[in-house]
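Protein sequences appear in the order of chains D and Z. One point on numbering: in this note's numbering, the residue at position 199 of the first sequence is 516, and numbering is uninterrupted. One point on numbering: in this note's numbering, the residue at position 253 of the second sequence is 254, and numbering is uninterrupted.
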Amino acid sequence: MKKLLSIVAVSVFALSANAGTLDDVKNRGFLKCGVTTGLAGFAAPDDSGNWTGLDVDMCRAVAAAVFGDSSKVEFTTTTGKSRFPTLASGEIDMLARNTTWTLSRDVNLGFEFVGVNFYDGQGFMVPTSLGVSSATELDGATVCIQTGTTTELNLADFFRANNIGYEALPIETNDEARENLFAGRCDVFTTDASGLSSTRAQSDNPNKWVVLPEIISKEPLGPLVRHGDHQWGDVVRWSLNTMIIAEEFGLTQANVDDNMNSNIPEVLRILGVEGGYGEMLELSNDFAYNIIKQIGNYSESYERNVGPDTPLAIGRGLNALWTDGGILYAPPFR
Amino acid sequence: MRSNFNFFSDQKFRSLFYQVLVVGLFALGIYYLTITTAYNLEKRNIATGWSFLNNPAGFDISFSPFLDFKSTDTHLKVYYVGVLNTLLVSFTGCIAATFLGFIVGIIRLSNNWLLSRTAYVYVEFCRNVPLILQIILWYSILLLMPRIKQAIELVNGFFITNRGLYSPRPIYESGFSIVFFVFIVGIIASIWISKWAKKRQERTGQRYPVLWTSLGLIILLPLIIFFLLGSPMTFEYPVLKGFNFKGGMVIRPEFIAMFLALSIYTGAFISETVRSGILSVTKGQREASAALGLKPTWIMRLIIIPQALRVIIPPLTSQYLNLTKNSSLGIAVGYADLVHGFGGISLNQTGQAIECMVITMATYLCISLIISFFMNIYNRSIQFKEK
Ligand SMILES: N[C@@H](CCC(=O)N[C@@H](CS)C(=O)NCC(=O)O)C(=O)O
Numbered sequence: 318m319k320k321l322l323s324i325v326a327v328s329v330f331a332l333s334a335n336a337g338t339l340d341d342v343k344n345r346g347f348l349k350c351g352v353t354t355g356l357a358g359f360a361a362p363d364d365s366g367n368w369t370g371l372d373v374d375m376c377r378a379v380a381a382a383v384f385g386d387s388s389k390v391e392f393t394t395t396t397g398k399s400r401f402p403t404l405a406s407g408e409i410d411m412l413a414r415n416t417t418w419t420l421s422r423d424v425n426l427g428f429e430f431v432g433v434n435f436y437d438g439q440g441f442m443v444p445t446s447l448g449v450s451s452a453t454e455l456d457g458a459t460v461c462i463q464t465g466t467t468t469e470l471n472l473a474d475f476f477r478a479n480n481i482g483y484e485a486l487p488i489e490t491n492d493e494a495r496e497n498l499f500a501g502r503c504d505v506f507t508t509d510a511s512g513l514s515s516t517r518a519q520s521d522n523p524n525k526w527v528v529l530p531e532i533i534s535k536e537p538l539g540p541l542v543r544h545g546d547h548q549w550g551d552v553v554r555w556s557l558n559t560m561i562i563a564e565e566f567g568l569t570q571a572n573v574d575d576n577m578n579s580n581i582p583e584v585l586r587i588l589g590v591e592g593g594y595g596e597m598l599e600l601s602n603d604f605a606y607n608i609i610k611q612i613g614n615y616s617e618s619y620e621r622n623v624g625p626d627t628p629l630a631i632g633r634g635l636n637a638l639w640t641d642g643g644i645l646y647a648p649p650f651r
Numbered sequence: 002m003r004s005n006f007n008f009f010s011d012q013k014f015r016s017l018f019y020q021v022l023v024v025g026l027f028a029l030g031i032y033y034l035t036i037t038t039a040y041n042l043e044k045r046n047i048a049t050g051w052s053f054l055n056n057p058a059g060f061d062i063s064f065s066p067f068l069d070f071k072s073t074d075t076h077l078k079v080y081y082v083g084v085l086n087t088l089l090v091s092f093t094g095c096i097a098a099t100f101l102g103f104i105v106g107i108i109r110l111s112n113n114w115l116l117s118r119t120a121y122v123y124v125e126f127c128r129n130v131p132l133i134l135q136i137i138l139w140y141s142i143l144l145l146m147p148r149i150k151q152a153i154e155l156v157n158g159f160f161i162t163n164r165g166l167y168s169p170r171p172i173y174e175s176g177f178s179i180v181f182f183v184f185i186v187g188i189i190a191s192i193w194i195s196k197w198a199k200k201r202q203e204r205t206g207q208r209y210p211v212l213w214t215s216l217g218l219i220i221l222l223p224l225i226i227f228f229l230l231g232s233p234m235t236f237e238y239p240v241l242k243g244f245n246f247k248g249g250m251v252i253r254p255e256f257i258a259m260f261l262a263l264s265i266y267t268g269a270f271i272s273e274t275v276r277s278g279i280l281s282v283t284k285g286q287r288e289a290s291a292a293l294g295l296k297p298t299w300i301m302r303l304i305i306i307p308q309a310l311r312v313i314i315p316p317l318t319s320q321y322l323n324l325t326k327n328s329s330l331g332i333a334v335g336y337a338d339l340v341h342g343f344g345g346i347s348l349n350q351t352g353q354a355i356e357c358m359v360i361t362m363a364t365y366l367c368i369s370l371i372i373s374f375f376m377n378i379y380n381r382s383i384q385f386k387e388k
């Protein structure tokens, strides 16, 4: 019996003692990244079936850092509900899915947010024809929300604080919520303002919809990993930081090669010409070069996916660099 | 001579040995799973425990016809709301599916070619299209109903919209309790009369118009009392105010879609059960009763159905269980059942996945066992009793 117990104990240990995520990813040969089921601008397949979007770029940047090849990613779609179990169970290595950094997710769910790749806030969208101009006029309205989100909690708080009633219609995915809204099953759709812009852009006539002025919450959206694997957390964190720092130094996909003998020391450190910063992360020293070359800096990714020239048309706002009036800021590369 | 006795050649011992072995392995497996899970949860810094049940939910559930739910209520209350909503759609669904199943099962055996073919097409279609698609199909159709501002008024106070069917809500005034009391007495009296009538018929062969007396006692008498008391009931009519109708009663499209899909889908299976039950009654029985000069409807009611029921009830029980478990697809259309609310939103907001899933699964198990228990009692009561 004793022997049996020790066999059990050993195999339990073997089951759970998994190697570091970075080694797993390297051995596997590709990164497994969790994204939305489809939210144009953040993560959605384009016409030819390639995943594109701001969150997708985040995944690709990590692949570029680890493999020097941004295409080595397998995307897993997750709903607001399934995203956390999917990450916790190890089915994916990281999650980049419009996910708000909150205390309970960071601590109680056992995750680690490595940074913020989009500063957002929750807003409301209604049909223009309703003639509503403020969220406080929404007494008695039916509201479509996505389940398992911070959205539904903020919503309850907002209506409670303003002492007005509403009827919630909890829905699983953004697509279903959009159909319900367009069909008139609900009067209002509420989610992160970026998600509203994305939803609005998918309507046949975006002018039929207005986003109300109230922003009722802080939604810092960022990539996250399992808590405890700090080496892996560092890799994802510095992939994100690299994109922001690259924007600060004006390094772009187009000019990065010309900067290999720049006279700015930090640029040389970023590009792996000087110092062994990649090695500290157990990556190659040109990991940052690969990110910039293959994905571009934060601004390039932003303009390509959600910026003013895209259907979403979201200005930089808070997401501008700290030097341009925003709050985007990354620690130094040294 | 050395005894050749081997424990394993003893059948009693052998069977005992294997049973102990199986139970032991099973227990070991459970033990193994539990400690692995606990270990892994700890390693991943995932908090465990049941205290979250008493924390405020923080979100609202609008579909809660039985309990009043606010976002400050606890996750435990989310659970109650979920259980009630699951029971609501399962219970109404089972009743509708049974009616539908019996009617269609009988129609399929009818001599009318058109009727039996139509029933056949219904059964084959509904049995072979995945339930979740049927739920979504019904919901999509319901979303095509008029928008709230274009609501169609059927008759006074009844509205069709894609946010549900609205109707006036009865408001009982003092004196209505008397009507209700008479109604209950009517039901009890009817049961008693039908028992008495049956006995009398067995004794004397005389029949008594039980149906008419019952209807009179249960419906007519309370109605007369109702009007004598000066109609102690008024109606609150739904009126469009702002974004939605205020007042009245409403049945939501999420519920209707679940109810229709579940009962129509399961009804198709039940009709097959009913058909095979009826076919299991030998032809001789039918011919013999016809020879005795019984009317066809009587043959069905007095000869065929009672015997067919013995064959029908066991599979019918498992259809009820299926329907109940299938009601967990509510999330497809946002119906706030147990899996959607407690097993979904609470689970996600608290991160207590294992706890929520264990509770949810245990609840389905309990509901299923209760259904089986009552169906088994019923089954035993209709079995052929040897005198
Ligand atoms: N930031 C919120 C909401 C996240 C969320 O679900 N956002 C929506 C719209 S902004 C989304 O990504 N939907 C895509 C999908 O349904 O897969 C959270 O982390 O809870």
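Using N, Cα and C, we set each Cβ at its ideal position, and we do this for glycine too.
{"Check": "Under 8 Å from the C-beta of residue 356/D: neighbouring residues of chain Z", "Outcome": "What residue 356/D touches in chain Z: nothing, since even the nearest Cβ is about 18 Å away."}
{"Check": "Minimum Cβ-Cβ distance from residue 604/D to chain Z less than 8 Å", "Outcome": "no"}
{"Check": "Range of the contiguous beta strand (DSSP E) that encloses residue 160/Z", "Outcome": "160-162"}
{"Check": "Cβ of residue 648/D within 8 Å of any chain Z Cβ", "Outcome": "no"}
{"Check": "Endpoints, beta strand (DSSP E) assigned at residue 400/D", "Outcome": "Where residue 400/D is concerned, there is no enclosing beta strand (DSSP E), although the alpha helix (DSSP H) it sits in stretches over 400-405."}
{"Check": "Residues bridged to residue 107/Z [DSSP beta-bridge criterion]", "Outcome": "Answer is none; residue 107/Z lacks a bridge partner."}
{"Check": "Assigned secondary structure, residue 245/Z (DSSP; H/G/I helix, E/B strand, else coil)", "Outcome": "strand"}
{"Check": "heavy atom of ligand 1 below 7 Å from residue 497/D C-beta", "Outcome": "no"}
{"Check": "Closer than 8 Å to chain Z by CB, residue 362/D", "Outcome": "no"}
{"Check": "Other residues of its chain near residue 385/Z: CB distance less than 8 Å, five sequence neighbours each side excluded", "Outcome": "311"}
{"Check": "Interface flag, residue 160/Z vs chain D, CB-CB below 8 Å", "Outcome": "no"}
{"Check": "Sub-8 Å separation of residue 504/D and residue 481/D beta-carbons", "Outcome": "no"}
{"Check": "Burial state of residue 534/D (16 or more Cβ within 10 Å)", "Outcome": "buried"}
{"Check": "C-beta neighbour in chain Z for residue 427/D, strict 8 Å", "Outcome": "yes"}
{"Check": "Residue-level contact to chain Z via CB, residue 402/D, 8 Å cutoff", "Outcome": "yes"}
{"Check": "Closest by C-alpha distance to residue 89/Z, when choosing among 76/Z, 67/Z and 107/Z", "Outcome": "67/Z"}
{"Check": "Proximal chain Z residues relative to residue 504/D, where beta-carbon distance stays under 9 Å", "Outcome": "149, 244 and 245"}
{"Check": "Rounded C-alpha distance that separates residue 354/D from residue 395/D", "Outcome": "6 Å"}
{"Check": "Local conformation of residue 509/D per DSSP, three classes", "Outcome": "strand"}
{"Check": "Opening and closing residue of the alpha helix (DSSP H) in which residue 354/Z lies", "Outcome": "354-383"}
{"Check": "Inter-residue spacing [alpha-carbon to alpha-carbon] between residue 214/Z and residue 223/Z", "Outcome": "13 Å"}
{"Check": "Cut-off 6 Å between Cβ atoms - residues of its own chain near residue 341/Z, not counting five sequence neighbours on either side", "Outcome": "331 and 332"}
{"Check": "Residue 350/Z at chain D interface by Cβ criterion, 8 Å", "Outcome": "yes"}
{"Check": "Proximal residues to residue 391/D (C-beta, below 6 Å), its chain only, five neighbours per side dropped", "Outcome": "347 and 349"}
{"Check": "Residue 331/D classed as buried or exposed, judged by whether at least 16 other C-beta atoms fall within 10 angstroms", "Outcome": "Caution applies to residue 331/D, whose pLDDT of 40 falls short of 50 and renders its modelled position unreliable; the value that the coordinates give is listed next. With fewer than 16 other Cβ atoms within 10 Å, it is exposed."}
{"Check": "Residues from the region 317-350 of chain Z in contact with chain D, defined by Cβ distance under 9 Å", "Outcome": "332, 333, 334, 335, 337, 341, 342, 345, 346, 348, 349 and 350"}
{"Check": "Min CB distance residue 48/Z to chain D below 8 Å", "Outcome": "yes"}
{"Check": "Residue 414/D beta carbon near ligand 1 (any heavy atom closer than 7 Å)", "Outcome": "yes"}
{"Check": "Rounded separation between residue 132/Z and residue 364/D - CA only", "Outcome": "31 Å"}
{"Check": "Selection of the region 373-399 of chain D by Cβ proximity to chain Z, strictly under 9 Å", "Outcome": "397, 398 and 399"}
{"Check": "C-alpha gap between residue 19/Z and residue 30/Z, whole angstroms", "Outcome": "16 Å"}
{"Check": "For residue 75/Z, the first and last residue of its enclosing alpha helix (DSSP H)", "Outcome": "Looking at the DSSP string, residue 75/Z is not in any alpha helix (DSSP H), and its letter there is neither H nor E."}
{"Check": "Proximity test, residue 536/D beta-carbon vs ligand 1 heavy atom, cut-off 7 Å", "Outcome": "yes"}
{"Check": "Endpoints, the beta strand (DSSP E) within which residue 168/Z is located", "Outcome": "165-168"}
{"Check": "Assigned secondary structure, residue 549/D (DSSP; H/G/I helix, E/B strand, else coil)", "Outcome": "helix"}
{"Check": "Nearest to residue 541/D (by Cα), restricted to the options 409/D, 568/D, 345/D and 462/D", "Outcome": "409/D"}
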